[in-house]
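What follows is one structure encoded as structure tokens, with my remarks underneath.
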Amino acid sequence: FVYCLGAKVRYAGKAFFSKIKYSWLFFLGSHDSFSYWVDEKSPVGPDQATAIKRLARISLVKKIMKKWSVTQNLTFKEQLEGGIRYFDLRVSSKPGEIGQEIYFIHGLFGIKVWDGLKEINTFLEQHPKEVIFLDFNHFYAMDDSHHFFLINRIQSAFGSKLCSVECVEYVTLEYMWEKKHQVLIFYHSPLYQEYPFLWPGNKMPAPWANTTNVHKLLQFLETTLEERSRYGTFHVSQAILTPRVKTIARHLIRGLKNTLVHRNLPMILNWVKAQKPGVMGVNIITSDFVELVDFAATVIALNDLLLEDDESASTS
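Per our numbering: the sequence shown = residues 73 to 388.
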């Protein structure tokens, strides 16, 4: 077995898989990938409404916020070891703090982005044939100086591992190995235009169902797959349920995992098992608490369908 495509793939399939476009392969991602730890002692983040910030002066409120802000149990290292290759990232400065330091954020502040990037880079150093997607898609309380600070951190962490913007169809494992690239950065800010290694956010569309109903979610995933671009972009299927204010009010103490995730993940996994990779198939799927069901093995097995299709075409 070798590390390949975010999982262990048979040697027999390695040469075939290395030539497939990344936009046709099936990758596993995590939603709010950094949120395995948030700081109850920090101020409420600028991503929250003023009313929430006022309420959060009561210490119990932050404890409840944590139950709804945490969407993963595993650290970056543990996610990488479990097969996660796409990371959904929201970042912010900390208002009132001196300097340009940037943190991950989801209601409450997480770890410094720099610490997360170093942890990811350590894994890549140990696995030089692995490739990951980092999608910086939400920025809060950041002016240009904060962006320049963050972009410099990204460059410092990964250096020559960063893949310059190319036609999406050129990106294959073979291409990445040949260039010794391991990281594709998607940066949802106009400043991407100033750096050759920042891919525009529109190359990584991630339509959002914004529902608490699993049946509506699965219908949304079907519809958006039918509408995905045939050429020129990757595609994220966000297999996540989003709590409403009334959901949180009714289940304050239970939190996200016990209210929405546990009972619905098996149905989401069954939908995933029925999918196929390929030109109009699932490309990247994200979920909360990715370790709760066997997403990784399912995604690996589905990529094997491409190998079977190739063998069928060869013998017909």
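We put the CB at the ideal spot given by N, CA and C, even for glycine.
These numbers were taken from a predicted model, which means no experiment stands behind them.
Cβ separation of residue i and residue j, assumed to be a contact under 8 Å, to the nearest whole Å
i      : j      : result
Trp140 : Gly273 : Rounded, the Cβ-Cβ distance is 26 Å, inconsistent with contact.
Gln310 : Pro279 : 7 Å
Leu206 : Leu161 : 6 Å
Ser102 : Val362 : 5 Å
Leu290 : Thr283 : Not really, about 10 Å apart at Cβ, beyond 8 Å.
Val308 : Thr358 : 6 Å
Ala213 : Pro118 : 4 Å
Asp360 : Gln144 : 7 Å
Val344 : Phe367 : 7 Å
Val354 : Leu297 : 7 Å
Gly182 : Ser107 : 6 Å
Pro255 : Phe230 : Residue 255 is actually Val in this sequence, not Pro. Going by Cβ atoms, the distance from Val255 to Phe230 rounds to 5 Å, so yes, they are a contact pair.
Phe195 : Lys134 : No, Phe195 and Lys134 are not in contact; Cβ-Cβ is about 31 Å, not under 8 Å.
Phe99  : Val163 : Incorrect: roughly 22 Å between the Cβ atoms, too far for contact.
Ser105 : Phe159 : 4 Å
Rounded separation between residue i and residue j - CA only
i      : j      : result
Lys318 : Ile156 : 32 Å
Trp109 : Leu379 : 38 Å
Ser228 : Ile325 : 41 Å
Val74  : Ser90  : Because Val74 sits at a pLDDT of 35, beneath the cut-off of 50, its placement in the model cannot be relied upon, and the following sentence gives the value as read from the coordinates. Their Cα atoms are separated by approximately 12 Å.
Tyr247 : Ile320 : 46 Å
Phe292 : Leu337 : 16 Å
Gly171 : Val203 : 32 Å
Lys138 : Thr305 : 34 Å
Ile136 : Ile130 : 11 Å
Gly154 : Trp271 : 26 Å
His253 : Asn193 : 12 Å
Val142 : Cys239 : 35 Å
Thr295 : Asn209 : 22 Å
Val237 : Tyr303 : 15 Å
Thr331 : Ser217 : 40 Å
Ser165 : Trp186 : 12 Å
Phe258 : Thr122 : 29 Å
Asp215 : Pro167 : 12 Å
Gln120 : Asp376 : 42 Å
Arg316 : Lys329 : 14 Å
Gly188 : Ile223 : 14 Å
Leu97  : Leu132 : 44 Å
Ala79  : Lys125 : With a pLDDT of 44 at Ala79, under the threshold of 50, the predicted position of this residue should be treated as unreliable, though the coordinate-derived value follows. Cα to Cα, the separation comes out at about 41 Å.
Ala84  : His199 : Caution applies to Ala84, whose pLDDT of 40 falls short of 50 and renders its modelled position unreliable; the value that the coordinates give is listed next. Rounded to the nearest angstrom, the two C-alpha atoms are 20 Å apart.
Asn342 : His287 : 12 Å
Gln265 : Lys275 : 13 Å
Start and end residues, beta strand (DSSP E) containing residue i
i      : result
Pro272 : Leu270 to Pro272
Phe361 : From DSSP, Phe361 is part of no beta strand (DSSP E); its letter is neither H nor E.
His178 : Ile174 to His178
Gln427 : Residue 427 cannot be examined here, being either before or after the span of the chain that is shown, 73 to 388.
For residue i: DSSP bridge partner residues
i      : result
Arg126 : Paired residue(s): none; Arg126 is not in a bridge.
Phe211 : Val163
Gly101 : Tyr158 and Thr358
Phe181 : Ile177
Leu206 : Phe159 and Ile257
Lys252 : Partner(s): none; Lys252 has no beta bridge.
Phe351 : Note that residue 351 is Val in the sequence shown, not Phe. Paired residues: none, contrary to the question.
Thr244 : Lys93
Val116 : Leu180
Leu234 : Val255
Extent of the continuous alpha helix (DSSP H) run through residue i
i      : result
Gln227 : Asp216 to Phe230
Leu297 : Val286 to Glu299
Asn342 : His334 to Lys345
Phe106 : From DSSP, Phe106 is part of no alpha helix (DSSP H); its letter is neither H nor E.
Glu266 : No alpha helix (DSSP H) contains Glu266, which DSSP labels as neither H nor E.
Gln151 : Phe148 to Glu153
Trp96  : Trp96 -> no alpha helix (DSSP H), and no H or E assigned at all.
Lys138 : Ser131 to Ser141
Ala281 : No alpha helix (DSSP H) contains Ala281, which DSSP labels as neither H nor E.
Lys318 : Val317 to Arg322
Would you say the stretch 165 to 177 touches the stretch 99 to 117, given that touching needs at least three Cβ pairs under 8 Å?
yes
Please determine if the stretch 234 to 243 and the stretch 92 to 100 are in contact, where contact requires at least 3 C-beta pairs separated by less than 8 Å.
yes
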